[in-house]
Amino acid sequence: MVRRKHRYAVVQLERTSSIALPYLDVKPLKASEDDIFKAVKIKLGELHGDYGRAVTTLGMRVKYLNEATRIVVLRARLGEPFKMMASTLPFVTSIGAESIQCTTLYIAGTIRHSLIFLEKRQKRIFKQVLEMFKSDKGQKKYKMSEPELKERILQITKLEM
Amino acid sequence: RPSNLQLDSLHLETAMDTDLGYADLNIPVNQGNVGSLKKIVVRALELGYRTVAINTIIDQENLASKKKLNQGKEGKLSVIPEPTTVKLTEDDYPLLHSKGLKPIILTRLTVIITDNEFLIHYNKSESVKNYDLVAIVPQTSQCLLSLLKSGFRFDILSFKPDLIYDGVKWQRKLYRECVDKFIHFELIYAHMVTDRDDRRKIISLAQNYQTVGKSKKIILSSGAKSPLELRAPNDVANLSFILGMNENQGKDAVKKNCLDVYRAALGRKMGVFRARVERVDMDVSRNGSSESESSDMEEDE
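Going down the list, the sequences are from chains W and U.
Just so you know, the first sequence maps onto residues 170 to 330 in my numbering.
Just so you know, the second sequence maps onto residues 15 to 315 in my numbering.
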């Protein structure tokens, strides 16, 4: 049997209200995998019509979703379906009730590579955040005080597991 | 013709060697609100761009001579304005700073023309020489043809969304003439996200470029008036599927073609150079006593 090949796109969703602000956005997303799937499907129908929507949603799936860090891994079949999906991602502006913006971070050929990339990235960002806290500049960039933020980080890591 | 050397050869070598990375060559300036310009630039640097060009847009209708201004037509310019600059500190670009790179900020002038008479104001003004890039928005194909014949040289050909269906009728010969004169074609994607009619017009223009010219020498830029309209460079390259380009052409449109525009603009500012070719008399003994003259072989790019 011939192997079916896919492409996995690692996408970060940022809230439009927090783009212009200088501090980190720590509120988790209130969306499920279904909501994201629907939002992308509807945009596909607008841009590529019935043909585009049918061809891409066949092999499309949300493989990983982390509401706290707002990262999604979307899968699509290799070739035209993936190109159509990748070209509609810049146009997705709202999921559920929130208005968001998509940025693709990485395109991988297997789930394993996408998760390897994610792990490296999260470790790097975690280091940066801790360093910011040690210096005085960190105090100004966060709305919460230090013990509150530590509690929050513990809560977030529990969500992942 | 005498050559106007504004850059000496050392400066030119370093300028030609700079790697622009991902570039966004169209961030318009709002006349009323200059503070928001810095936010857009900071957001672009955060998303992964290294080069940004700040765009001042002028309409030919607004350029009037001093006589007419004195007669009472107010609200019009008599002089082309100076380029605007943005001051950035190291805190504004942490991504680039961690790699040890600095952002590059260029200045660009866009003129919306109806006929060749804007050249009178253009040749008189002195602030035009301070701009790095020059772009033109032609309203009809006739005015574009007359501009190409006049020997005026510019870098980028842009558009306005209202003018797409009534404006220039593209043909293979016209496209090839522009390509021969080192002119690049620009596609703006900020209007596509918000407005459905504009989306259709821009897609049809891009497909037109593909039929007529095989999508050569196209650059993609944002034209963003607020930080929410910017997109990451990988996303912009993925738009190539809708705009009738290959994947490679899409990636070039954000990176390599912008570098070509910058180099062509440098060549345009330097002016025309001459190279002298002389025949060398070689002795049969080959003792290394041949007389040869070497002249500065710098060509107009």
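Just so it is clear, CB atoms sit at the ideal spot from N, CA and C, and this is done for glycine as well.
These numbers were taken from a predicted model, which means no experiment stands behind them.
C-beta neighbour in chain U for W:Ile188, strict 8 Å | The residue given as residue 188 of chain W occupies position 19 in the first sequence. So, interface residue.
Could you tell me if U:Met259 is buried or exposed, where buried requires 16 or more neighbouring beta carbons within 10 angstroms of its beta carbon?
-> Residue numbering aside, residue 259 of chain U sits at position 245 when the second sequence is read from its first letter. The residue in question, U:Met259, is buried, as its Cβ has 16 or more Cβ neighbours within 10 Å.
Could you check how far apart the C-beta atoms of W:Thr225 and W:Ala245 are, in whole angstroms? I think they sit under 8 Å.
-> Counting from one through the first sequence, the residue named residue 225 of chain W turns up at place 56. Counting from one through the first sequence, the residue named residue 245 of chain W turns up at place 76. About 6 Å separates the two Cβ atoms, so the contact holds.
Just curious, the beta strand (DSSP E) that U:Thr65 is in, first and last residue?
-> In the second sequence, residue 65 of chain U corresponds to position 51, counting from 1. It spans 65 to 73 - the beta strand (DSSP E) in which U:Thr65 sits, taken as one unbroken run.
Partners in chain U for W:Phe130, counting only beta-carbon separations shorter than 7 Å = Given a span of 170 to 330 for chain W in the structure shown, any question on residue 130 of chain W remains unanswerable.
Which residues, in chain order, does the region 239 to 257 of chain W contribute to contact with chain U at a C-beta distance below 8 Å?
-> Lys252, Met253, Ala255, Ser256
Along the beta strand (DSSP E) that carries W:Leu234, what are the first and last residues, could you check?
-> Walking along the first sequence from the start, residue 234 of chain W turns up at place 65. Start and end: 230 to 235.
Work out the CA separation of U:Asp105 and U:Val151 for me, nearest whole Å.
-> Locating residue 151 of chain U in the second sequence gives position 137, where the first residue counts as 1. Locating residue 105 of chain U in the second sequence gives position 91, where the first residue counts as 1. U:Val151 and U:Asp105: Cα-Cα distance of roughly 36 Å.
How is the beta strand (DSSP E) around U:Leu123 delimited, first residue to last?
-> Looking up residue 123 of chain U in the second sequence gives position 109. Membership of U:Leu123 in the beta strand (DSSP E) is indicated by the continuous run 118 to 127.
Report yes if the C-beta distance between U:Pro4 and U:Ser141 is below 8 Å; otherwise report no.
-> There is simply no residue 4 of chain U to check, as chain U begins at 15 and stops at 315 in what is shown.
Could you spell out where the beta strand (DSSP E) holding W:Glu249 opens and where it closes?
-> Position 80 of the first sequence holds residue 249 of chain W. Where W:Glu249 is concerned, there is no enclosing beta strand (DSSP E), although the alpha helix (DSSP H) it sits in stretches over 249 to 257.
Name the chain W residues that come within less than 9 Å of U:Arg282, Cβ to Cβ?
-> Position 268 of the second sequence, counting from 1, holds the residue named residue 282 of chain U. What U:Arg282 touches in chain W: nothing, since even the nearest Cβ is about 33 Å away.
One or two residues paired with W:Thr272 in a DSSP bridge = The residue given as residue 272 of chain W occupies position 103 in the first sequence. W:Gln181.
At least three beta-carbon pairs within less than 8 Å, the region 172 to 184 of chain W to the region 272 to 280 of chain W = yes
Do U:Ser172 and U:Ala204 come within 8 Å of each other at the CB atom, strictly closer than that value?
-> Along the second sequence, one-based indexing puts residue 204 of chain U at 190. Along the second sequence, one-based indexing puts residue 172 of chain U at 158. Result no, Cβ atoms of U:Ala204 and U:Ser172 do not sit closer than 8 Å.
Is the CB-CB distance between U:Leu51 and U:Ile68 below 8 Å?
-> The residue labelled residue 51 of chain U in the question sits at position 37 within the second sequence. The residue labelled residue 68 of chain U in the question sits at position 54 within the second sequence. Yes, they are a contact pair.
What residue from W:Arg172, W:Arg176, W:Lys196, W:Arg293 has the CA that sits closest to W:Arg321's CA?
-> The sequence position of residue 321 of chain W within the first sequence is 152, counting from 1. For the residues W:Arg172, W:Arg176, W:Lys196, W:Arg293, the minimum Cα distance to W:Arg321 belongs to W:Lys196.
For W:Arg244: DSSP bridge partner residues | Locating residue 244 of chain W in the first sequence gives position 75, counting from the first residue. Looking at the DSSP assignment, W:Arg244 forms a beta bridge with W:Tyr177, W:Arg230.
Verify whether the separation of the beta carbon atoms of U:Ile178 and U:Asn40 is less than 8 Å.
-> Indexing the second sequence from 1 puts residue 178 of chain U at position 164. Indexing the second sequence from 1 puts residue 40 of chain U at position 26. When the beta-carbon positions are compared, U:Ile178 and U:Asn40 stay at least 8 Å from each other.
Cβ pair U:Pro241, W:Ile188 closer than 8 Å | By 1-based counting over the second sequence, the position of residue 241 of chain U is 227. By 1-based counting over the first sequence, the position of residue 188 of chain W is 19. A contact, by the Cβ cut-off of 8 Å.
Closer than 8 Å, CB to CB, is W:Gln270 near chain U or not?
-> Stepping through the first sequence from its first residue, residue 270 of chain W is reached at position 101. Yes, contact with chain U.
Determine, using beta carbons only, whether U:Ile197 and U:Phe168 come nearer to each other than 8 Å.
-> For the purposes of this step, residue 197 of chain U is taken as residue 183 along the second sequence, with counting starting at 1. For the purposes of this step, residue 168 of chain U is taken as residue 154 along the second sequence, with counting starting at 1. Contact flag set, yes.
Cross-chain neighbours of W:Thr185 in chain U, by beta carbon under 8 Å | Translated into positions along the first sequence, residue 185 of chain W becomes position 16. Those within 8 Å of W:Thr185 in chain U are Leu242.
Kindly confirm or deny that the region 130 to 145 of chain U and the region 52 to 68 of chain U touch, where touching means at least three C-beta pairs closer than 8 Å.
-> Inter-segment contact for the region 130 to 145 of chain U and the region 52 to 68 of chain U is absent: fewer than three beta-carbon pairs are separated by less than 8 Å.
Note down the Cα distance separating U:Lys269 from U:Val182, rounded to an integer number of angstroms.
-> Locating residue 269 of chain U in the second sequence gives position 255, where the first residue counts as 1. Locating residue 182 of chain U in the second sequence gives position 168, where the first residue counts as 1. For U:Lys269 and U:Val182, the distance between alpha carbons rounds to 27 Å.
Put U:Ser306 into one of helix, strand or coil per three-state DSSP.
-> In the second sequence, counting from the first residue as 1, residue 306 of chain U sits at position 292. Caution is warranted here: a pLDDT of 40 is assigned to U:Ser306, below 50, making its placement in the model unreliable, and the coordinate value is therefore given only provisionally. Three-state DSSP puts U:Ser306 in coil, outside helix and strand.
Beta-ladder partner(s) of U:Phe199, from DSSP | By 1-based counting over the second sequence, the position of residue 199 of chain U is 185. Paired residue(s): U:Leu171, U:Ile232.
Only counting runs of 4 or more residues, tell me where the alpha helix (DSSP H) segments fall wholly within the region 237 to 282 of chain U, in order along the chain.
-> 247 to 252, 261 to 268
In chain order, what residues of the same chain lie with their CB nearer than 8 Å to the CB of U:Lys215, ignoring the 5 residues before and after it?
-> For the purposes of this step, residue 215 of chain U is taken as residue 201 along the second sequence, with counting starting at 1. Cβ within range, chain order: Pro175, Ile178, Tyr179.
What is the DSSP secondary structure of U:Asn40, counted as helix, strand or coil?
-> As a position in the second sequence, residue 40 of chain U is number 26, starting the count at 1. Residue state, collapsed to three classes: strand.
Using 8 Å as the limit for Cβ to Cβ distance, is W:Thr273 near chain U?
-> By 1-based counting over the first sequence, the position of residue 273 of chain W is 104. It does: the Cβ of W:Thr273 has a partner Cβ on chain U nearer than 8 Å.
Please compile the residues from chain W whose C-beta is within a distance smaller than 7 Å of the C-beta of U:Leu253.
-> Residue mapping note: residue 253 of chain U aligns to position 239 of the second sequence, counting from 1. Correct list: Ser256, Pro259.
Starting from the Cα of U:Arg64, find the closest Cα among U:Asn130, U:Lys195, U:Cys272 and give me that residue.
-> The count along the second sequence starts at 1 and reaches residue 64 of chain U at position 50. Closest by alpha carbon: U:Cys272.
In angstroms with no decimal places, state the Cα-to-Cα distance between W:Ala110 and W:Asp219.
-> In the structure displayed, chain W extends from 170 to 330; residue 110 of chain W sits before or after that span and is not available.
Using the DSSP secondary-structure output, state which residues sit across from U:Val151 in a beta bridge.
-> What you label residue 151 of chain U is simply residue 137 of the second sequence in a count that begins at 1. Looking at the DSSP assignment, U:Val151 forms a beta bridge with U:Ile126.
So U:Leu102 and W:Pro259 are in contact, right, with Cβ under 8 Å, and what is the actual spacing, rounded?
-> As a working note, residue 102 of chain U is residue 88 in the second sequence. As a working note, residue 259 of chain W is residue 90 in the first sequence. Distance from U:Leu102 to W:Pro259 at the Cβ level is roughly 26 Å; contact not present, criterion being Cβ atoms closer than 8 Å.
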